[in-house]
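Going by my numbering, the sequence shown opens with residue 228, and the numbers climb by one from there.
These notes are about the structure you will find just below.
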Amino acid sequence: MTVTDIARLVFKERDSDSIVQDARYAIEVESYSPSYAVLRVSGDLDMSSRTALTHNLARLTASGADVLIDLSAVSFMYSGAVSAVITSALASDSSVRVFAPTRPARMVIESLGAAALLVDHLPSPAVPR
228 MTVTDIARLV FKERDSDSIV QDARYAIEVE SYSPSYAVLR VSGDLDMSSR
278 TALTHNLARL TASGADVLID LSAVSFMYSG AVSAVITSAL ASDSSVRVFA
328 PTRPARMVIE SLGAAALLVD HLPSPAVPR
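Now the structure itself:
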């Protein structure tokens with residue numbers, strides 16, 4: 228059983244507007260405060276995922292929230308999905324960053340010149356931003 232299979236089982240039990248699921252991917256929003264949210268993405272981010280990814284990013288950044296995108300469970304990432312993340316980061320006054328990308332996701336992000344969006348570690352709460 229893969230991480231994606233487990234995520235599908237977990238997401239299937241939940242009923243929320245903040246979860247988008249498809250046979251190939253899942254997107255979950257965790258809002259910790261009005262100014263901070265984590266967008267957890269899992270599975271294959273192919274062409275069919277771009278609309279849902281764009282919608283969730285637009286909704287979060289429009290609210291003024293800083294967004295951390297967790298790609299630790301992504302098995303494939305289409306360049307159009309990365310483009311949606313880049314566009315959101317450039318168009319937003321909020322911070323849009325990518326945390327824990329898998330190797331396939333990191334390779335596409337870096338090949339599109341967006342390595343600056345990657346956060347390789349989270350700062351300690353005691354250290355100011």
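All C-beta atoms in this analysis are idealised placements derived from N, C-alpha and C, irrespective of residue type, glycine included.
For residue i, which residues in the same chain have their Cβ closer than 8 Å to its Cβ, ignoring the five residues on either side in sequence?
i, result
"Ala342", "Ile336"
"Pro331", "Val301, Ser302, Phe303 and Met304"
Would you tell me roughly how many angstroms separate the C-alpha atoms of residue i and residue j, rounded to the nearest one?
i, j, result
"Leu344", "Val325", "6 Å"
"Arg168", "Ser290", "For residue 168 there is no data in the structure shown, the boundaries of the chain being 228 and 356."
"Thr329", "Leu317", "23 Å"
"Thr281", "Asp347", "23 Å"
"Thr314", "Ser260", "23 Å"
"Gly340", "Ala279", "23 Å"
"Gly270", "Ala327", "14 Å"
"Arg356", "Leu272", "Bear in mind that the predicted position of Arg356 carries a pLDDT of just 49, short of 50, making it unreliable; the figure below should be weighed with that in mind. If I take the Cα positions, the gap works out to 30 Å."
Could you say which of the options lies nearest to residue i if we only look at CA atoms?
i, options, result
"Ser310", "Leu295, Asp297, Arg277 and Gly291", "Arg277"
"Val268", "Met304, Thr288, Arg286 and Asp293", "Met304"
"Ile254", "Gly340, Leu298 and Ser262", "Leu298"
"Thr288", "Leu272, Asp320, Ala279 and Gly270", "Asp320"
"Val256", "Ile296, Met334, Arg333 and Pro331", "Ile296"
"Asp293", "Leu266, Arg333 and Ala327", "Leu266"
"Ser262", "Gly270, Leu272, Asp271 and Arg286", "Arg286"
Quick one: residues in its chain with C-beta nearer than 6 Å to the C-beta of residue i, no 5 flanking neighbours on either side, listed in chain order?
i, result
"Ser258", "Ala264"
"Ser322", "Asp293"
Per DSSP, which residues does residue i bridge with? Please list them.
i, result
"Asp297", "Arg267 and Phe326"
"Val346", "Phe326"
"Ser258", "Ala264"
"Leu272", "Met304"
Closer than 7 Å by C-beta to residue i: which residues in its own chain qualify, once you throw out the five before and the five after it? Chain order, please.
i, result
"Gly307", "Met274 and Arg277"
Just checking my contact of residue i with residue j at CB under 8 Å: how many whole Å lie between their CB atoms?
i, j, result
"Val312", "Leu284", "7 Å"
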